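Student: Per UniProt numbering, the very first residue in the sequence shown carries number 1; after that it's consecutive.
We treat Cβ as the ideally placed atom computed from N, Cα and C, and that holds for glycine.
As the structure is a prediction and not an experimental result, all values here were calculated from the model.
Sharing a structure below in structure tokens format, with a few things to ask.
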Amino acid sequence: MNDLNNGTPLRIVELVSENDHPPERANDEYVQFAQISVVSGIQEELIELVKKKLLESIELQQFIVGRDIEFQEKYIASLTDGLSRYNNHNELEEIRNEKLSSEERHFELESARNKLNGLRIQNSNFGRREQKVCSFLSSGFEQVRILSSTAAHDEIRYKVNNASWICSINNSLALQKIKLICEKFIELKKKVEITFWSSEIVTLLEKLDQQQKNVAFGMIIEIATWEYENSNNRNLLKLINALLDNDETKKEVLVNCENLFSVETPQIEKCLANLNILVALLLNISLENRIYKEKLEQSICQLIARIFGNRKFRSSHMMSIIEVLETVERKFGRFSGKFDNMLSLLESRSHMLERSEQHRVINLIRSRSSHSPIPPEILASAYSSGASIRNVTVIEHSQSAPNYFPHRTRDEIKREVQMEYERRWRIEEEERLEEIRRKKEEERKKKEEEDEKRRKAEESERVRKLKEEEKRKRVLEEEMEMKRKNEEAKIKLEAEMREKAEQAEIKRREEKSRALKKLQKEETNKMEQMNNCTFLQNVPLFRHLHPSGSYSERMLDGKVIGLYYSGYWCQPSRDFTPILAQFYSQVDKNFEILFISSDRSEQEMNYYLQSSHGDWFHLPFDSPISKHLQQFNTKNAIPTLIIIKPNGTVITVDGRDQVSSFLNNPQALVNHWKSV
1 MNDLNNGTPL
11 RIVELVSEND
21 HPPERANDEY
31 VQFAQISVVS
41 GIQEELIELV
51 KKKLLESIEL
61 QQFIVGRDIE
71 FQEKYIASLT
81 DGLSRYNNHN
91 ELEEIRNEKL
101 SSEERHFELE
111 SARNKLNGLR
121 IQNSNFGRRE
131 QKVCSFLSSG
141 FEQVRILSST
151 AAHDEIRYKV
161 NNASWICSIN
171 NSLALQKIKL
181 ICEKFIELKK
191 KVEITFWSSE
201 IVTLLEKLDQ
211 QQKNVAFGMI
221 IEIATWEYEN
231 SNNRNLLKLI
241 NALLDNDETK
251 KEVLVNCENL
261 FSVETPQIEK
271 CLANLNILVA
281 LLLNISLENR
291 IYKEKLEQSI
301 CQLIARIFGN
311 RKFRSSHMMS
321 IIEVLETVER
331 KFGRFSGKFD
341 NMLSLLESRS
351 HMLERSEQHR
361 VINLIRSRSS
371 HSPIPPEILA
381 SAYSSGASIR
391 NVTVIEHSQS
401 APNYFPHRTR
411 DEIKREVQME
421 YERRWRIEEE
431 ERLEEIRRKK
441 EEERKKKEEE
451 DEKRRKAEES
461 ERVRKLKEEE
471 KRKRVLEEEM
481 EMKRKNEEAK
491 IKLEAEMREK
501 AEQAEIKRRE
511 EKSRALKKLQ
521 KEETNKMEQM
531 NNCTFLQNVP
541 LFRHLHPSGS
551 YSERMLDGKV
561 IGLYYSGYWC
571 QPSRDFTPIL
581 AQFYSQVDKN
591 FEILFISSDR
601 SEQEMNYYLQ
611 SSHGDWFHLP
621 FDSPISKHLQ
631 QFNTKNAIPT
641 LIIIKPNGTV
651 ITVDGRDQVS
661 SFLNNPQALV
671 NHWKSV
């Protein structure tokens, strides 16, 4: 249907067994058919494949919804201080530590309960859906129609393009679950949700073999890249950082990062997206992971070098790289030695930038050299001799400067200075990391002591509440038992009395019903005699939709009758007649219309009937009875609708106005006329 809406014909492919000869389909501007002859039995194989994929899809949906139900139950329990119901206290601590006002907590609680109810309903439908799929696909059918998703929906979804990955994912439900969770990750807002689903992914990863793990890690990193390009969220980066902090997964994450981002690609924008992912990981990696930090730095430098070597490299790409490096410099204060060659390459390309932007490159270069721990004596000697400190290259020694490097070449001096710089930088870095580790260890011990103290207090409070609850339950059970016995005796007595009363009531109702039926029968006979049509006697009636038949005045017995005076030559008549026809079509059979023509000829009357009138009765043109019935038209005007009873009693002469006012509820007006 989407194709038809945008003007493109709907294309249908029919698979026909080679021994069958179905009739050819005719193409038109809306539908195009293509019949393809296939080996007999291929259709059954396709049906089995469709069945397998449908059942897998239902199982995946059940998994996601089931885990979501578990999360919502935990979330609701945490909001209502029901933490003792679950074992995973670490997850729920994050919920408990969130600072929510009473209004926010109430809103979150209501939202979670509503979502939980919806998820439970959805989960209950999956079993019926699975049974329906199996039952339907097991029976014979002629046609299967698979509607593709809309293009707008496809644009906002991640797609796996690696052929080997697709094969592995199709053969592993665990990988499909990980893919679905990663797609769900992109839309998550709450930190506790991210933590919950992260633990789910870690659990699923433990069930995979090594090849499947490689696919899973590669897919997670690719989806993170896709998220970086298509969303403002960075949830998958948080997941990757969590995997880096896990001893069992951090090595495999880094290996897959290196493998994925080392693949040559001519798309420079893809390289820049990968660069942003690597830098984001570097900025968020724990400072204790020094080895992994150095590996990330090396991958970043290699990726930047490939971007510089791309034939489509422009100044705009260089500005993007500068912005990325500035975030690294702001985070760490200086660049490690891994960035030396890359910064030199950046300096060599600075001429591509406008003069107003070149100072940003200079600041990055200075950020590296401003932290160099070179001895003051060497710096003084270098300054007095005109040496370039930035490149640590000594051009010449002045005669007045002390000779700190006797019998050594400039390259040897340069290497020694650089080695000294790196040695002191490593010492400073190790001291800084040791200080960070010490502070973190103190904080960890302090937090453990506080947690232990809090747990003991909570355990003591929990035991006290349990004892009070048990005592209260015992008292309540005794009261309930006594109350139950009294209620049973009372219910038994009431049941006996109620049974006697019901028997008496049944007998009374039967007698009353017999009397009422007898009275109704007498009343019906009386009303039928009173409601017979008497204002017409032996007059044939006609309907224009049934021209071959005629009807007697008995058709009007017991009904409210509208005498409709109208003519085609009258414009108000032509305006009101369709309104009356609509009114007539919406009421029951207790209302009938008799049309009395004021037309100038029989041909004009017949045309008027066919073009505008409803399926009601009319009199012959210019008949004596028509002239006789003009006496009811006291208004002497058309169009006029006179409402009368079967005996000719006038109910109202303003039927036209009343019909126009009750178009929204025609039956109410007819009931009113009947009650007059």
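Using CA atoms only, rank isn't needed, just tell me which of P266, N235 and F339 is closest to I307.
Tutor: Nearest of P266, N235 and F339 to I307, Cα basis: P266.
Student: What first and last residue would you give for the beta strand (DSSP E) that runs through P547?
Tutor: Element bounds for P547: H546 to Y551.
Student: Identify which residue in S460, N647, I223 and A163 has its Cα closest to the Cα of I178.
Tutor: Of the listed residues, the one whose Cα sits closest to I178 is I223.
Student: Classify I181 as buried or exposed, calling it buried when 16 or more other Cβ atoms lie within 10 Å of its own Cβ.
Tutor: When all chains shown are included, I181 counts as buried.
Student: Determine the extent of the beta strand (DSSP E) in which I648 is found, giving its start and end residues.
Tutor: First, the amino acid is wrong: residue 648 is Gly here, not Ile. No beta strand (DSSP E) contains G648, which DSSP labels as neither H nor E.
Student: Between L283 and L303, which are expected to be in contact by the criterion C-beta below 8 Å, what is the C-beta distance as a whole number of angstroms?
Tutor: So it is not a contact: roughly 15 Å between Cβ atoms.
Student: With 16 other CB atoms within 10 Å as the buried threshold, where does H153 fall?
Tutor: Any reading at H153 must be qualified, since the residue scores a pLDDT of 46, below 50, and its modelled position is unreliable; the value itself is stated next. Its Cβ having fewer than 16 others within 10 Å, H153 is exposed.
Student: If you reduce the DSSP assignment to three classes, tell me which class F617 lands in.
Tutor: It is a strand residue.
Student: Assuming F617 contacts R543 (C-beta within less than 8 Å), just tell me the rounded distance between them.
Tutor: Going by Cβ atoms, the distance from F617 to R543 rounds to 6 Å, so yes, they are a contact pair.
Student: Could you please give the first and the last residue of the uninterrupted beta strand (DSSP E) stretch that includes I561?
Tutor: That run of the beta strand (DSSP E) goes V560 to S566.
Student: If you count every other CB in all the chains shown that lies within 10 Å of the CB of M605, and 16 or more means buried, which is it?
Tutor: So M605 ends up on the buried side.
Student: What are the boundary residues of the alpha helix (DSSP H) that includes R656?
Tutor: Residues G655 to S661.
Student: Going by CA-CA distance only, name the one from L236, I596, A637 and V653 that's closest to L619.
Tutor: The shortest C-alpha separation from L619 is found at I596.
Student: What whole-angstrom Cβ distance do Q72 and L119 have, given they're in contact under 8 Å?
Tutor: The pair is a contact, with the Cβ atoms about 7 Å apart (cut-off 8 Å).
Student: Tell me whether A280 sits in a helix, a strand or coil according to DSSP, three-state version.
Tutor: Reduced to three states, the DSSP call for A280 is helix.
Student: Taking just the CA atoms, how far does S356 sit from L236?
Tutor: So the two alpha carbons sit approximately 37 Å from each other.
Student: Does DSSP put T640 in a helix, in a strand, or in coil?
Tutor: Residue state, collapsed to three classes: strand.
Student: From the DSSP output, which residues share a beta bridge with R543?
Tutor: Answer is H546 and F617, bridged to R543.
Student: Taking DSSP's pairing of strands, which residues face I240 in a bridge?
Tutor: Paired residue(s): none; I240 is not in a bridge.
Student: Does the distance from the C-beta atom of Q582 to that of L669 stay below 8 Å?
Tutor: No.
Student: Let me check understanding here. Comparing Cα to Cα, which of M318, I651, R311 and D557 lies closest to L345?
Tutor: Considering only alpha carbons, the answer is M318.
Student: Taking C-alpha atoms, which residue in K331, I42 and I322 lies nearest to M342?
Tutor: Per the Cα distances, I322.
Student: Mapping DSSP to helix, strand and coil, what is L433?
Tutor: If DSSP states are grouped into helix, strand and coil, L433 belongs with the helices.
Student: What is the DSSP secondary structure of I12, reduced to helix, strand or coil?
Tutor: Strand.
Student: Identify, in the order they occur along the chain, each residue of the same chain with its Cβ nearer than 8 Å to the Cβ of G337, setting aside the five sequence neighbours on each side.
Tutor: The answer, listed in chain order, is E422 and W425.
Student: Between the Cα of C269 and the Cα atoms of S320, Q32 and I300, which residue gives the shortest distance?
Tutor: Before going further, note that residue 269 is Glu rather than Cys in the sequence given. Per the Cα distances, S320.
Student: For the alpha helix (DSSP H) that contains E326, what are its first and last residues?
Tutor: Here the alpha helix (DSSP H) through E326 covers S315 to F332.
Student: Over what stretch of residues does the alpha helix (DSSP H) that includes E602 continue unbroken?
Tutor: Per DSSP, E602 belongs to the alpha helix (DSSP H) from E602 to S612.
Student: To the nearest angstrom, report how far apart S78 and E326 are at their CA atoms.
Tutor: Their backbone Cα atoms lie some 42 Å apart in a straight line.
Student: Have a look at S350 and F63 and give me their C-alpha separation to the nearest angstrom.
Tutor: S350 and F63: Cα-Cα distance of roughly 54 Å.
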